[in-house]
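Just below is one structure, and these are the notes that go with it.
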Amino acid sequence: MKFNRDATFSEYTLAWRLFKRHHTHFNDIYWANQATLKFAYASTRPYSRTDSATKIFSLPDNPQRLADTLGDWADNYSEFNQWAQMAAVIAICGYLETYIAQVATAALESRPALIFGGSAQVDGTTLLKLNNTYDFYSHAEHLVRGDWSARISAYTRLFGSCPYANQVKKLDQLRKLRNDAGHSFGRDITKMRFSESSFVQPLPKISNEKIKEFLDLAHTVSQLADNHLGPSYIGSYEVVRLFHIWKKELKNYMPLNQRELAQEFSRHFNSVTGSQYGKQRAEALIRYYNTI
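Going from the sequence shown to this note's numbering is simple: count from 1 and add 305.
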């Protein structure tokens, strides 16, 4: 079996596989809360807003701050849900930016000459084996800082073009909303510079449809980036890097032969990615690594 340095593992990069798991985990927990919200409100239908909250929430250790009436409780829970939606915006923006930083760093490590506008044919495995300590993230960081127009320009300078450039308006909407959420608990930060009022300002309302739009946006952008950087620049570099780091950490235990080394790496790969790499593929990887 021949090792293909230019092919990504199982179609997508390892960075995207992590993004997908973050994306799935977010969906699982967010929609679990939405189901709970509907169930909780439905349970209040036989009662009036002035009824005591203990008619439903009659736990022996009721929280001290539980509202006296069901009406007040419903209003409080509605506002809490708005907080959850703002947290959702922060989460979506966060794991999308994490993915972009990771996949761009992998691309630059894989093809380091790109930083200088050079050829993509220089194999970063050489620097990896020399235990180079150069910080490639310092270049990738420009792809996740500032407004999205600047980020897309930085992406284009490094990789020639940006596949998600036409999403800039939506991405900046997500970024601005995330900033408001992070800096001023979901409120417009421009209105919080000087407080003329001592009253709590209302939270912005974000519908579930808007959350779905942001989820679709994150998924679209990540796939476009992966389809661009994966086959063109990263290939199997992430796996090579994973092997390199793992091999260095073996220290006191080194398998006697290449077959045993391949078997042990295949197990390690499965433990950190949840996917089978296979002994034959690992042997081909090791042969490639040893020739660089």
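Where is the CB? At the ideal position from N, CA and C, for every residue including glycine.
Cα-Cα separation between residue i and residue j, rounded to whole angstroms
| i | j | result |
| --- | --- | --- |
| T578 | L319 | 8 Å |
| L476 | G583 | 39 Å |
| L413 | P468 | 17 Å |
| D356 | N471 | 52 Å |
| T403 | R350 | 43 Å |
| F519 | F314 | 28 Å |
| Q581 | F570 | 10 Å |
| L432 | P417 | 9 Å |
| L479 | A523 | 10 Å |
| Q563 | G535 | 28 Å |
| I457 | L448 | 7 Å |
| L529 | Y352 | 50 Å |
| V408 | S537 | 12 Å |
| A347 | S415 | 54 Å |
| A425 | L419 | 6 Å |
| R310 | E384 | 52 Å |
In DSSP terms, what residue i is bridged to
| i | result |
| --- | --- |
| S357 | T374 |
Whole-angstrom C-beta distance between residue j and residue i, which should lie under 8 Å
| i | j | result |
| --- | --- | --- |
| Y573 | F464 | The identity of residue 573 in the sequence shown is His, whereas the question assumes Tyr. In fact, because the Cβ distance is near 30 Å, the residues do not count as touching under 8 Å. |
| F331 | A396 | 6 Å |
| A486 | V394 | 6 Å |
| T410 | I597 | Not a contact, Cβ separation roughly 20 Å. |
| R592 | F308 | 7 Å |
| Y382 | A345 | 7 Å |
| A358 | L371 | 6 Å |
| Y400 | H328 | 7 Å |
| V544 | L590 | 7 Å |
Residue environment, residue i, which counts as buried when at least 16 other CB atoms sit within 10 Å
| i | result |
| --- | --- |
| A337 | exposed |
| F615 | The structure shown has nothing for residue 615, since the chain only spans 306 to 597. |
| I334 | exposed |
| D380 | exposed |
| S541 | buried |
| F421 | exposed |
| A445 | buried |
| N575 | exposed |
| I550 | exposed |
| S527 | buried |
| N386 | buried |
| Q390 | buried |
Distance cut-off 7 Å: residue i Cβ against heavy atoms of the ligand NAD
| i | result |
| --- | --- |
| A347 | Among the components of this structure there are no ligands whatsoever, and the ligand NAD is therefore not found. |
### Segments assigned beta strand (DSSP E), at least 3 residues, entirely inside the region 535-590
none
### Segments of 4+ residues assigned as alpha helix (DSSP H) that fall wholly inside the region 437-490
442-445, 453-464 and 473-489
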